[in-house]
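One structure is given here, and the rest of the page talks about it.
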Amino acid sequence: MDDNRRTADRVEHASRVMHREYILDQTKPLYTEGRLADLSADGVAFISTHKYEKGDVLEVRLMLDGWEKYKTEFYKGDPRRATDPLVALIEVVNVTPETDSDLKIGGRFTSIDEWHREALKRYLEKFKQR
Numbered sequence: 008m009d010d011n012r013r014t015a016d017r018v019e020h021a022s023r024v025m026h027r028e029y030i031l032d033q034t035k036p037l038y039t040e041g042r043l044a045d046l047s048a049d050g051v052a053f054i055s056t057h058k059y060e061k062g063d064v065l066e067v068r069l070m071l072d073g074w075e076k077y078k079t080e081f082y083k084g085d086p087r088r089a090t091d092p093l094v095a096l097i098e099v100v101n102v103t104p105e106t107d108s109d110l111k112i113g114g115r116f117t118s119i120d121e122w123h124r125e126a127l128k129r130y131l132e133k134f135k136q137r
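Numbers given in my numbering equal positions in the sequence shown, counted from 1, plus 7.
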């Protein structure tokens with residue numbers, strides 16, 4: 008089996024994802040917008056026009072409507088506010104062309120708050136039931 012394959016079930020999910028290369032010098036804090044292709048508790052795949060290389064570390068901001076209600080932590084924020092993105096770091100494990108200008112970027116979560124990972128698992132379970 009390919010070590011780059013995610014072990015958790017993938018769920019097709021059409022949402023926005025903001026992404027950028029994760030570097031300590033944040034003089035270029037601009038994000039590129041892409042669209043989510045699929046998501047699991049282990050990683051993510053998204054479509055982007057920005058080219059990354061296998062092994063790059065990216066900061067991703069996943070715009071998942073309603074994911075916060077699955078958090079179990081004490082402070083959940085103001086429910087009247089717009090949805091906060093789920094923020095994580097991923098390592099790019101594959102890059103495949105989708106069209107002449109679009110690339111499918113596959114990544115494995117390398118840094119994600121464990122409470123958020125658990126909330127993501129519950130969110131995905133509910134999403135699969137729809």
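Glycine included, C-beta positions come from ideal geometry on N, C-alpha and C.
Going by the DSSP bridge assignment, what does residue i pair with across the sheet?
| i | result |
| --- | --- |
| V102 | I112 |
| L93 | L69 |
| A52 | D45, G113 |
Taking residue i as the reference, give the member of the options with the closest Cα.
| i | options | result |
| --- | --- | --- |
| S47 | W122, G114, D120, Q136 | G114 |
| E105 | D63, T90, T56 | T56 |
| W122 | K76, D109, T90, R42 | K76 |
| L96 | R124, D72, T90, T34 | R124 |
| E40 | D91, R27, K78 | R27 |
| G50 | E132, Q136, T90, D16 | D16 |
How many whole angstroms separate the CB atoms of residue i and residue j, which I take to be in contact at a CB cut-off of 8 Å?
| i | j | result |
| --- | --- | --- |
| I112 | A52 | 7 Å |
| Y59 | V102 | 6 Å |
| V64 | V24 | Contact doesn't hold; Cβ gap of about 15 Å is too wide. |
| W74 | A21 | Rounded, the Cβ-Cβ distance is 14 Å, inconsistent with contact. |
| K61 | V99 | 6 Å |
| V18 | F116 | Not really, about 15 Å apart at Cβ, beyond 8 Å. |
| L31 | L69 | Not confirmed; about 22 Å, so no contact. |
| L71 | Y130 | 7 Å |
| D107 | I54 | The pair is not a contact, with the Cβ atoms about 13 Å apart (cut-off 8 Å). |
Name the two residues that bound the continuous beta strand (DSSP E) containing residue i.
| i | result |
| --- | --- |
| L69 | 64-70 |
| E40 | 39-46 |
| H26 | 23-28 |
In terms of residues, what are the limits of the alpha helix (DSSP H) holding residue i?
| i | result |
| --- | --- |
| E60 | Neither: E60 is in no alpha helix (DSSP H) and is coded neither H nor E. |
| K78 | Where K78 is concerned, there is no enclosing alpha helix (DSSP H), given that its DSSP letter is neither H nor E. |
| L131 | 121-136 |
I'd like to know whether the C-beta of residue i is nearer than 8 Å to at least one C-beta of chain C.
| i | result |
| --- | --- |
| G41 | This model lacks chain C altogether, as it is built from one protein chain only. |
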